[in-house]
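The numbers in numbering that gives the first Met the number 0 rise by one with no breaks, and the one at position 69 of the sequence shown is 68.
Here is the structure we will look at, set down as structure tokens.
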Amino acid sequence: MKVEKFSLLECERFRIEVKSKLDGKYYVTIQPVRWLGKEIFKLWLNLCRRNFMNLTGYWMMERAFNSRAEAEAFARYMAEKLEEPAFLYIGEVKLTHPVEQAGRHLNR
């Protein structure tokens, strides 16, 4: 995967969230928090497409899951790959790494 290269290309921060909707599915959405350059955006699209995510409006990717555990595992995986310290899980903040490791990620 080209994730390591992607993480180093001035991509600031991402919002990763797991939502529950009325259709009974759980949706993982990933959205850049800051503007990205054209080339960086293309790399981000490729990463999300490799993980079978659909492009929605506002530069946001979304993927549906039938189980809560699968959605949480995928959100945690993407947060780790995008070097985010935490993600939102149905209104609750979940840390990507154990507490002793999270401090170094929050200070970047």
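Just so it is clear, CB atoms sit at the ideal spot from N, CA and C, and this is done for glycine as well.
Since the structure is predicted, the reported quantities are computational estimates derived from the model, not experimental observations.
If you count every other CB in all the chains shown that lies within 10 Å of the CB of V92, and 16 or more means buried, which is it?
exposed
List the residues that DSSP assigns as beta-bridge partners of T28.
E16 and E61, per the DSSP bridge assignment.
Going by DSSP in three states, E79 sits in which element: helix, strand or coil?
Taken through DSSP and simplified to helix, strand or coil, E79 comes out as helix.
Taking the alpha-carbon positions, what's the A85 to H96 distance?
8 Å
Can you give the Cα-Cα distance for R14 and N45, rounded to whole angstroms?
18 Å
Our contact map puts A63 next to K24 with C-beta atoms below 8 Å; I'd like the distance itself, whole angstroms only.
5 Å
Helix or strand or just coil, what does DSSP make of L21?
coil
Buried or exposed: where does R49 fall if 16 or more other Cβ atoms within 10 Å of its Cβ makes it buried?
Counting Cβ neighbours within 10 Å, R49 comes out exposed, since fewer than 16 surround it.
Going by C-alpha to C-alpha distance, which of F73, R75, S66 and L87 sits closest to D22?
S66
Under 6 Å Cβ to Cβ from S6, same chain only, skipping five residues before and after it: list those, please.
Because S6 sits at a pLDDT of 42, beneath the cut-off of 50, its placement in the model cannot be relied upon, and the point is left open.
Specify, as a first and last residue, the run of the alpha helix (DSSP H) that I39 falls within.
Per DSSP, I39 belongs to the alpha helix (DSSP H) from K37 to R49.
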